[in-house]
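Which chain is which? The protein sequence lines are F and X, in order.
In my numbering, each residue's number is its place in the first sequence (first place is 1) plus 86.
In my numbering, each residue's number is its place in the second sequence (first place is 1) plus 86.
Below is one structure; the comments refer to it alone.
2 protein chains.
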Amino acid sequence: MRSVEFLNEVMRRYPDAISFAPGAPHPDTYADLDIERYLSRFVSHAVTESGHPPSTVRRLLYEYGPSRGLINGLVAELLRRDHAVEAPEQAVVVTVGAQEAMLLVLRALIRSTDDLLAVADPCYVGITGAARMLGVETVPVPEADDGLQVQALRSACRAARRAGRRVRVCYVAPDFSNPGGNRMGKEHRERLLELAEAEDFLVLEDNVYGFTAAPGAELPLLKTLDRNRRVVHLGTFSKVCFPGVRVGYVVADQTVVTADGDSTLLADHLARLKTMVTVNTPPLSQAVVGGMLLEHGGSLAERCRTRSALYRRNLTLLLDGLDRLTEQGLPPGVGWNRPTGGFFVRMRLPVPADDTLLARSADSYGVLWTPMAHFHLGPGGADVLRLSCSYLTPEQITTGVRRLGAFLHGEMGR
Amino acid sequence: MRSVEFLNEVMRRYPDAISFAPGAPHPDTYADLDIERYLSRFVSHAVTESGHPPSTVRRLLYEYGPSRGLINGLVAELLRRDHAVEAPEQAVVVTVGAQEAMLLVLRALIRSTDDLLAVADPCYVGITGAARMLGVETVPVPEADDGLQVQALRSACRAARRAGRRVRVCYVAPDFSNPGGNRMGKEHRERLLELAEAEDFLVLEDNVYGFTAAPGAELPLLKTLDRNRRVVHLGTFSKVCFPGVRVGYVVADQTVVTADGDSTLLADHLARLKTMVTVNTPPLSQAVVGGMLLEHGGSLAERCRTRSALYRRNLTLLLDGLDRLTEQGLPPGVGWNRPTGGFFVRMRLPVPADDTLLARSADSYGVLWTPMAHFHLGPGGADVLRLSCSYLTPEQITTGVRRLGAFLHGEMGR
Numbered sequence: 087m088r089s090v091e092f093l094n095e096v097m098r099r100y101p102d103a104i105s106f107a108p109g110a111p112h113p114d115t116y117a118d119l120d121i122e123r124y125l126s127r128f129v130s131h132a133v134t135e136s137g138h139p140p141s142t143v144r145r146l147l148y149e150y151g152p153s154r155g156l157i158n159g160l161v162a163e164l165l166r167r168d169h170a171v172e173a174p175e176q177a178v179v180v181t182v183g184a185q186e187a188m189l190l191v192l193r194a195l196i197r198s199t200d201d202l203l204a205v206a207d208p209c210y211v212g213i214t215g216a217a218r219m220l221g222v223e224t225v226p227v228p229e230a231d232d233g234l235q236v237q238a239l240r241s242a243c244r245a246a247r248r249a250g251r252r253v254r255v256c257y258v259a260p261d262f263s264n265p266g267g268n269r270m271g272k273e274h275r276e277r278l279l280e281l282a283e284a285e286d287f288l289v290l291e292d293n294v295y296g297f298t299a300a301p302g303a304e305l306p307l308l309k310t311l312d313r314n315r316r317v318v319h320l321g322t323f324s325k326v327c328f329p330g331v332r333v334g335y336v337v338a339d340q341t342v343v344t345a346d347g348d349s350t351l352l353a354d355h356l357a358r359l360k361t362m363v364t365v366n367t368p369p370l371s372q373a374v375v376g377g378m379l380l381e382h383g384g385s386l387a388e389r390c391r392t393r394s395a396l397y398r399r400n401l402t403l404l405l406d407g408l409d410r411l412t413e414q415g416l417p418p419g420v421g422w423n424r425p426t427g428g429f430f431v432r433m434r435l436p437v438p439a440d441d442t443l444l445a446r447s448a449d450s451y452g453v454l455w456t457p458m459a460h461f462h463l464g465p466g467g468a469d470v471l472r473l474s475c476s477y478l479t480p481e482q483i484t485t486g487v488r489r490l491g492a493f494l495h496g497e498m499g500r
Numbered sequence: 087m088r089s090v091e092f093l094n095e096v097m098r099r100y101p102d103a104i105s106f107a108p109g110a111p112h113p114d115t116y117a118d119l120d121i122e123r124y125l126s127r128f129v130s131h132a133v134t135e136s137g138h139p140p141s142t143v144r145r146l147l148y149e150y151g152p153s154r155g156l157i158n159g160l161v162a163e164l165l166r167r168d169h170a171v172e173a174p175e176q177a178v179v180v181t182v183g184a185q186e187a188m189l190l191v192l193r194a195l196i197r198s199t200d201d202l203l204a205v206a207d208p209c210y211v212g213i214t215g216a217a218r219m220l221g222v223e224t225v226p227v228p229e230a231d232d233g234l235q236v237q238a239l240r241s242a243c244r245a246a247r248r249a250g251r252r253v254r255v256c257y258v259a260p261d262f263s264n265p266g267g268n269r270m271g272k273e274h275r276e277r278l279l280e281l282a283e284a285e286d287f288l289v290l291e292d293n294v295y296g297f298t299a300a301p302g303a304e305l306p307l308l309k310t311l312d313r314n315r316r317v318v319h320l321g322t323f324s325k326v327c328f329p330g331v332r333v334g335y336v337v338a339d340q341t342v343v344t345a346d347g348d349s350t351l352l353a354d355h356l357a358r359l360k361t362m363v364t365v366n367t368p369p370l371s372q373a374v375v376g377g378m379l380l381e382h383g384g385s386l387a388e389r390c391r392t393r394s395a396l397y398r399r400n401l402t403l404l405l406d407g408l409d410r411l412t413e414q415g416l417p418p419g420v421g422w423n424r425p426t427g428g429f430f431v432r433m434r435l436p437v438p439a440d441d442t443l444l445a446r447s448a449d450s451y452g453v454l455w456t457p458m459a460h461f462h463l464g465p466g467g468a469d470v471l472r473l474s475c476s477y478l479t480p481e482q483i484t485t486g487v488r489r490l491g492a493f494l495h496g497e498m499g500r
């Protein structure tokens, strides 16, 4: 948390710097948004479905509504159409972004201090933050270019068991993870699910960046491959609708035993816990998303394609720019990964990529990035930085890469 | 939680019963809502304030936005105008309903298992639920017609101290509490604040029903009387805008020390914690509330007055109806309180007001209510039920009272 504040402070102090720091969606992806149209589309649909007059149906937008959500059927259909996930509507809970879903899932599944959350290391701060909020202990598992290291996870499970504890949940974003930009192959995904079965844990899959894959290069979701209800699946509309809509969802088709000793569908348990966090997801936001889903005939494949093209354009610009820096000669020890999707590239330096270096990068070169150490649970990532290109224009990326080149030469070439 | 499900199940099974169970706002209070007008009002205001074109300003509605909120200045102005609370904008955090604020405040203030949350008993399930979610231990303090019993709270503080622990926060709804319908007088409020100072705890004030007081009978908020920053104040727009808007707020002008050892404004700490719960409150919902505040010139006094009149009409109908039952003769041992505002009346019976009796009330008399025991932390309230009249029409109240009469005679008159 303190490092995020430091970063915000740096961004405030250098308003003219090009920032490869924020991982926010690109404003062009929601420039043509027509909220009123989506709302009326949703209301007309509900009128047809229910047989009630529009005035009655509009009340749906104003009342508390069910804690589990209003658009669960549409979400279940989306998952069926776009991802071949066969989840009943009853297994879906609509949440205030994927963030609330993370908090609910951790609270529902981890009730004893003997239960552990395994996370990819480096890791998205949303899940480690939710764990800290609830006092849930995390076990870092290294992530490489091909994603979470299954062998290391197996060792973590066994070490936990020897200590009389257990890994209860493993959080992973298999497609273009934040911050690492890593991706698990299909076979690798299968191995993770086999391990979940063998070591008896649940996989919490975060599908935030899957839509950025190139057409034809999509991989099946862990939830699509899930044959034994080992996967709890998280999704969000922040990237394909707009970030401020704050609508996410969780697919939780597992049967769990609650603290009361009752056997219940995990989704039902999450909906009950949600009454203690936000009561319900704003119906207005759900109706906007619902209207968007209806406008697109229940599938977001086409909408995702245009957005994916924009993000891959930015990623290609960044990687091509970095390649040109290489052609011009770069100091030894500088390198980066080459993700084929997502918002992020990680770059290794021959020196510590710390807050001091970031301040110098901002001050002398006008370019910002995020120290990767911020995302590590352990001591890793000290000489790595994260570059995000999702929010920038092509011109900003070009200028930013030039400044990065000057920074690398100026600070590492001596 | 299980009792709420039981109640929902009973309501599903008896769709023709008159239900004095749900404490939801009356649909008439949001029948004339014009969301589009509020949204454009907010956008025009932001255009004037910022000097940016409308297209740029509308983006505010789509982006993540600041975790602490977008309309904090308008909320601070509302508190100044309507309640003479002088809170700087920086001390306000906008939340997804008052429920999220409860969770954040408990997490921020209670970090050790030695710290306790004192609550009025019987108590609103939102705060006890949030405490359970976070593993925060609660101490029940009896509430009577004149509100939370300060003498009993003093004893609870001292008992905690003798056990090497402390009451860190005391939750209270001073105006027409849910479920008790109790109200603290002004002098009583002053004594609570003196105790907070003497015993060194913070008061978490929930102002959800204050607006239902009769004109001229309003009492100062605890926050208005607060001279030593002892009060953290919670508010909601669910009742004066519409429930599904899911916008609440917290005023937290205290300085606290975080787990990291930093000294910070409590509001800043809450905003950081919020990034782990919902990231931010949907800007669309905030803009609707912001537009409503602007339409009313920054004060909700007038809007509250019309809503207050509706709720007091219902309350008077219920109490007058009960009085008529008395005139016709009621079984001995039946009695109720006479709140002058709020949504709730509590009724004492000469027999246990339990789930079995509720099922009989639904089945044989077509009238539903809530067993008060559901709201007690300890064994209290076994022979008390809660009647809520907020959601009903005058006709439903009249019919419901008649059925209540039959129920009381039929079940208690034998």
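Cβ coordinates follow ideal geometry from the N, Cα and C atoms, glycine included.
{"query": "Just to confirm, is the Cβ distance from Val336/X to Leu320/X under 7 Å?", "result": "yes"}
{"query": "Who are the Cβ neighbours of Ala110/X in its own chain at under 8 Å, not counting the five residues just before and after it?", "result": "Pro329, Ser476 and Tyr477"}
{"query": "Indicate the three-state DSSP secondary structure (helix, strand or coil) for Leu164/F in the structure shown.", "result": "helix"}
{"query": "I want to verify the contact list: residues of chain F whose CB lies under 7 Å from the CB of Thr361/X, in sequence order.", "result": "Gly215"}
{"query": "Residues in the region 168 to 191 of chain X with C-beta within 7 Å of chain A's C-beta atoms, listed in sequence order?", "result": "Absent here is chain A; the protein component of the structure consists of chains F and X."}
{"query": "Let me know if Thr367/X comes out buried or exposed under the rule of 16 or more other beta-carbons within 10 Å of its beta-carbon.", "result": "buried"}
{"query": "For a contact meaning CB atoms closer than 7 Å, what does Tyr257/F contact in chain X?", "result": "In chain order: nothing, as chain X lies at least about 14 Å away."}
{"query": "Taking Tyr148/F as the reference, give the member of Cys327/X, Ala107/X, Val343/X and Arg98/X with the closest Cα.", "result": "Cys327/X"}
{"query": "Quick one: what does DSSP say Val96/F is sitting in, helix, strand or coil?", "result": "helix"}
{"query": "Looking at the strands, I want to know which residues DSSP matches up with Pro226/X.", "result": "Val205/X"}
{"query": "Using the C-alpha atoms, what's the distance from Pro152/F back to Leu195/F?", "result": "22 Å"}
{"query": "Gly428/X and Val487/X look like a contact to me (Cβ under 8 Å); what is the Cβ gap, rounded to whole Å?", "result": "That belief does not hold up - the Cβ atoms of Gly428/X and Val487/X are roughly 18 Å apart, past 8 Å."}
{"query": "If you draw a straight line from the alpha carbon of Asp469/F to that of Pro436/F, how long is it in whole angstroms?", "result": "7 Å"}
{"query": "Chain F beta carbons: is any one of them nearer than 7 Å to that of Tyr116/X?", "result": "yes"}
{"query": "Using a Cβ-Cβ cutoff of 8 Å, what residues of the region 348 to 380 of chain F are near chain X? List them in chain order.", "result": "Asp348, Arg358, Leu359, Thr361, Met362, Val363, Thr364, Val365, Asn366, Thr367, Pro368, Pro369, Leu370, Ser371 and Val374"}
{"query": "Taking Cβ positions, are Val70/X and Ile121/X nearer each other than 7 Å?", "result": "Residue 70/X lies beyond the residue range present for chain X, which begins at 87 and ends at 500; the question has no answer from this structure."}
{"query": "If you measure between the beta carbons of Pro208/F and Phe461/F, is that distance less than 7 Å?", "result": "yes"}
{"query": "Using a Cβ-Cβ cut-off of less than 8 Å, give me the residues of the region 216 to 231 of chain X that come near chain F, in sequence order.", "result": "Ala216, Arg218, Met219, Leu220 and Gly221"}
{"query": "Buried or exposed for Arg88/F, please, with buried defined as at least 16 other CB atoms from any protein chain shown within 10 angstroms of its CB.", "result": "The predicted position of Arg88/F is uncertain, since its pLDDT is 48 and thus under 50; no value can be drawn from it."}
{"query": "To which residues does DSSP link Tyr477/F through a beta bridge?", "result": "In the DSSP output, where bridge partners are listed per residue, Tyr477/F has none listed."}
{"query": "Mapping DSSP to helix, strand and coil, what is Met458/F?", "result": "helix"}
{"query": "Output, in chain order, the set of chain X residues within a Cβ distance shorter than 9 Å of Glu149/F.", "result": "Ala110, Pro111, Pro113, Tyr116, Phe328, Pro329 and Gly330"}
{"query": "What is the DSSP secondary structure of Leu463/F, counted as helix, strand or coil?", "result": "coil"}
{"query": "Could you work out which residues of chain X lie near Leu396/F, taking near to mean beta carbons separated by less than 9 Å?", "result": "The contacting residues do not exist; Leu396/F stays about 16 Å from chain X at best."}
{"query": "If you measure from the beta carbon of Arg488/F to each beta carbon in chain X, is any gap under 7 Å?", "result": "no"}
{"query": "How do the region 125 to 132 of chain F and the region 369 to 377 of chain F stand: do at least 3 beta-carbon pairs fall below 8 Å, yes or no?", "result": "yes"}
{"query": "If I measure Cβ to Cβ from Gly383/X and keep anything under 8 Å in the same chain, skipping five residues before and after, which residues do I get?", "result": "none"}
{"query": "Does the beta-carbon of Ala303/X, which I'm using as the reference point, lie nearer than 6 Å to any heavy atom of the ligand FAD?", "result": "Although the ligand FAD was asked about, the structure shown includes no ligands whatsoever."}
{"query": "Applying the 10 Å Cβ sphere with the 16-neighbour rule, what's the burial state of Gly419/X?", "result": "exposed"}
{"query": "Less than 7 Å separating the beta-carbons of Gly183/F and Gly334/F?", "result": "yes"}
{"query": "Mapping the DSSP letters down to three states, classify Tyr397/F as helix, strand or coil.", "result": "helix"}
{"query": "I need the straight-line Cα distance from Leu305/F to Arg247/X, nearest angstrom please.", "result": "59 Å"}
{"query": "Once DSSP output is grouped into helix, strand and coil, what is the label at His382/F?", "result": "coil"}
{"query": "Residues in the region 190 to 212 of chain F with C-beta within 9 Å of chain X's C-beta atoms, listed in sequence order?", "result": "Arg193, Val211 and Gly212"}
{"query": "Helix, strand or coil for Val333/X per DSSP?", "result": "coil"}
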